[in-house]
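Note sheet for the following structure.
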Amino acid sequence: MTEAPLISVENLTRHYKVGEEEVRALDGVSFDVMRGEWVAVVGQSGSGKSTLMNLIGALDTPSGGSYRINGHDVEKLSDDQLADLRNNEIGFVFQTFQLLSRSTALANVELPLVYRGLPRKERKERAVKALEAVGLANRMHHKPNELSGGQRQRVAIARALVGNPSLLLADEPTGNLDSATGEEIIRLFGELHQRGHTILLVTHEPRLAARCPRAIRLSDGKVVADGPGADVASLGAPPVPSPHPGAAA
Amino acid sequence: MRGFVDNLGLAFNTLRGNPLRSLLTLLGIVIGAATVVAMMSLVEGFRISVNKDLEGLGAGSFQVQKWPATFGHVDRAKYAKRPDLTREQGDALRSLPHVGHVSIEAYHGGRPEKISTRDRATKPNVTVGGGVPDYQFANAITIAQGRFFTDTDIALGGRVAVVGADVADVLFPGESGVGKEIRIRSTPFTVVGVAERRGSTLGGSQDGWVIIPLDPYYQVLGRVTNHNIAIQATAPEYFNQAQDEVIARLRSIRGLRGLQENDFDIYSNETLTGTFNQFAGVVAAATFAVTLLALVVGGIGVMNIMLVSVAERTREIGVRMALGARRRRILSQFVIEAVTLSLLGGVLGVLLGGGGAILAREVWSIPASVPAWAVLLSLLSASGAGIVFGIYPAIRASRLDPVEAMRTE
Ligand SMILES: Nc1ncnc2c1ncn2[C@@H]1O[C@H](COP(=O)(O)OP(=O)(O)OP(=O)(O)O)[C@@H](O)[C@H]1O
Ligand SMILES: [Mg+2]
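Protein sequence lines, in the order shown, are assigned to chains A and B. So the first sequence is residues 423 to 671, counted in my numbering. So the second sequence is residues 171 to 579, counted in my numbering.
What follows is the structure in structure tokens.
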């Protein structure tokens, strides 16, 4: 008997009504993700990557289709159950960090545990550990505006990890970072993958996608490719301008 | 419960973020709470001092007066036309079967006098009254030294006086005043008794008085034709009979017929308390109206600040939801915030109103006593306003869509 997939998406659709027109942001998407996989989601702007992530992250409800996360039929859950699912099963990392600006790094990381109803002391212990794991032990009492972009994203990752979720979602986590810092963050995801975390990561950069064991390409709300990261990443990449002969690095 | 404590922390964060704006929008709540506490302190203070005054009337006593005992506006012209209550009319009541003591009292409109001995003098603040021996019983005077004056003193034409404790303190410090001579408008009187201290009510001392017999009173301070008559029934259980008898006798000797209204007022502890309660009821109703208005204005202020707060923190709300906050949790966060805000207004109002009342008492001797229930009522209604006006912004916050909310700046 094979292990059940952690995520199982079947014919998932999400339509938006804009005036008279219907936008099919997701138009029948199906795929499975096994426990421990690291999957990149790529595609052009407007192809439906964020829409997909929000659905899998239980932040949004689909127009049709079904999906299961860790055995939960997400489309059948109530509002409260969705909140609990987000709290227990999912760690979400956003492009714009989404930290609470008036709270310290530590308080931000504690937040998911607050909603889990853990006692103060345990919350703090776990938040400290999570911050240590992303290399920010010495920035715990800083507020977001006292941190660099890369440090902010590390806080956000610590916050996503603190509840020990079964799934880590990241929507363009390097989108607001310079390439060196983005590289650092991707390396951190690599480490997390090594430690056994299941990761679904949206990125614009083929270079980053190529490093993932697996990538899914979306186009106009449909899956157009699903395979090893290196292959999928090169598919839709803009043609690499061929260097002048003799000018090779 | 843990969630509640966490939400409370959040509420204080919001306040700290915008202290001035918070305070300004709370003004209505502050005013409402201050009004309740200040007005109720005044009413309570007056109630206590009226009760204390009433203790001065002996048990089963009542008063007959030309002037009514009311609080507030009195139509003076109507009462001025009433014939005076004479000494003879008072004496005519003594023979009534259930009437025990009849105290006929003369005051010159309460004009204060200066009392002196050879060595000392009081300030011109002593109330001098004319009376009869029954004064002691109808007014529940307790004698500390000596005795009250008697019919024998009066029959002997004696210029005798009973003095209040304050007067004795000033004129005879550290010694007994009994047997000593005092002068009222340069006429000498012999002190036969010093009364026990009664303390003060309505901000004034109750011990700054001298009582002398009626005849010398007329001679020294001028003829008085209108008197107060205080009557004590032969026993407390005959209070009603005594009152009926007095009314009948006075009506007959003052020539009132059939349906004619009494041309005198009778009041006792009960009627005075009733009048006072009426007055207190009016004040309470007015206070209630003002407070309700202030609370509504304040509540709208709270609603406004909460709506602004929800709008400003839309992204934060989205993040909290994304991290697993249930809608109910967001709702309670904002309701608790609104209640904390209004409660703060309530506390400020209570401090302001209570402080004002205490200041009024200490500086202007206005009787005021801050009742605990008024404080509690203020805080409860402030919290109530917080819940009522905080619920709508909180519902708006809890209904936000997390994806949309996180997209706002
Ligand atoms: N709230 C919305 N209302 C209407 N249309 C929407 C809404 N959100 C997304 N869309 C549309 O759905 C489509 C997919 O959007 P989505 O945000 O998923 O794209 P994306 O792949 O994440 O793009 P990007 O790389 O620019 O972030 C787009 O055409 C977008 O215009
Ligand atoms: Mg996107």
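Using N, Cα and C, we set each Cβ at its ideal position, and we do this for glycine too.
Asked: Proximity test, Cβ basis, 8 Å: E443 (chain A) and chain B; Found: no
Asked: Whole-angstrom distance between A480 (chain A) and A464 (chain B), CA atom to CA atom; Found: 45 Å
Asked: For S551 (chain B), the three-state DSSP class (helix, strand or coil); Found: helix
Asked: Min CB distance A527 (chain A) to chain B below 8 Å; Found: no
Asked: Segments assigned beta strand (DSSP E), at least 3 residues, entirely inside the segment 297-364 of chain B; Found: 313-316, 330-333 and 351-354
Asked: Given A208 (chain B) as reference, the closest of B:T484, B:G392 and B:L522 once Cα atoms are compared; Found: B:L522
Asked: heavy atom of ligand 2 below 7 Å from S472 (chain A) C-beta; Found: yes
Asked: Cβ neighbours of A538 (chain B) in the same chain (closer than 6 Å, five flanking residues each side left out); Found: S211, L212, G215, A527, A530 and R531
Asked: H274 (chain B) versus B:G378, B:G301, B:R368 and B:P541, residue with shortest Cα-Cα distance; Found: First, the residue type needs correcting, since residue 274 (chain B) is Ile and not His in the sequence shown. Comparing Cα-Cα distances from I274 (chain B) to each of B:G378, B:G301, B:R368 and B:P541, the minimum goes to B:G301.
Asked: N-terminal and C-terminal residue of the beta strand (DSSP E) that P386 (chain B) is part of; Found: No beta strand (DSSP E) holds P386 (chain B); the alpha helix (DSSP H) holding it covers L384 to L391.
Asked: Three-way DSSP call (helix, strand, coil) for F449 (chain B) in this model; Found: helix
Asked: Contact test: Y438 (chain A) Cβ vs ligand 1 heavy atom, cutoff 7 Å; Found: yes
Asked: Neighbour flag for A495 (chain B) against chain A, beta carbons, 8 Å; Found: yes
Asked: Nearest candidate by alpha-carbon position, reference R574 (chain A), set A:L591, A:A527 and A:Q616; Found: A:A527
Asked: Simplified DSSP state of G643 (chain A), which is helix, strand or coil; Found: coil
Asked: Straight-line gap, S422 (chain B) to R246 (chain B) (C-alpha atoms, nearest Å); Found: 25 Å
Asked: T461 (chain B) burial status per 10 Å Cβ neighbour count (16 or more: buried); Found: buried
Asked: DSSP beta-bridge partners of R490 (chain A); Found: A:S430 and A:D495
Asked: Helix, strand or coil at I536 (chain B) according to DSSP, with G and I counted as helix; Found: coil
Asked: Run of the alpha helix (DSSP H) containing L263 (chain B), from where it starts to where it stops; Found: Segment: none, L263 (chain B) is in no alpha helix (DSSP H) and carries neither H nor E.
Asked: Cutoff 8 Å; reference L535 (chain A); Cβ partners in own chain excluding five residues on either side; Found: E544, R545, R548, A549, V584 and G585
Asked: Rounded C-alpha distance that separates I565 (chain B) from D506 (chain A); Found: 20 Å
Asked: For A403 (chain B), the first and last residue of its enclosing beta strand (DSSP E); Found: N398 to A403
Asked: Whole-number beta carbon distance between V455 (chain A) and L474 (chain A), since they are thought to touch under 8 Å; Found: Not confirmed; about 12 Å, so no contact.
Asked: Sequence-distant residues of the same chain with beta carbon closer than 6 Å to R329 (chain B), five excluded per side; Found: F359 and P386
Asked: Beta-carbon contacts of S523 (chain A) that lie in its chain and below 6 Å, excluding the five residues immediately before and after; Found: P566
Asked: Residue span of the beta strand (DSSP E) that contains S452 (chain A), given as start and end; Found: E443 to V455
Asked: Boundaries of the alpha helix (DSSP H) in which L540 (chain A) is found, first to last residue; Found: Here L540 (chain A) belongs to no alpha helix (DSSP H), and DSSP marks it neither H nor E.
Asked: Residues bridged to E283 (chain B) [DSSP beta-bridge criterion]; Found: B:V296
Asked: Cβ-Cβ distance between T620 (chain A) and E459 (chain A) below 8 Å; Found: yes
Asked: Selected residue, minimal CA-CA separation from N188 (chain B), among B:K350, B:K251 and B:E482; Found: B:E482
Asked: Heavy atom of ligand 2 within 7 Å of E594 (chain A) beta-carbon; Found: yes
Asked: Alpha-carbon to alpha-carbon, S588 (chain A) and D642 (chain A); Found: 29 Å
Asked: Proximity test, Cβ basis, 8 Å: V489 (chain B) and chain A; Found: yes
Asked: heavy atom of ligand 1 below 7 Å from V431 (chain A) C-beta; Found: no
Asked: Assigned exposure category for L533 (chain A) - 16 Cβ within 10 Å defines buried; Found: buried
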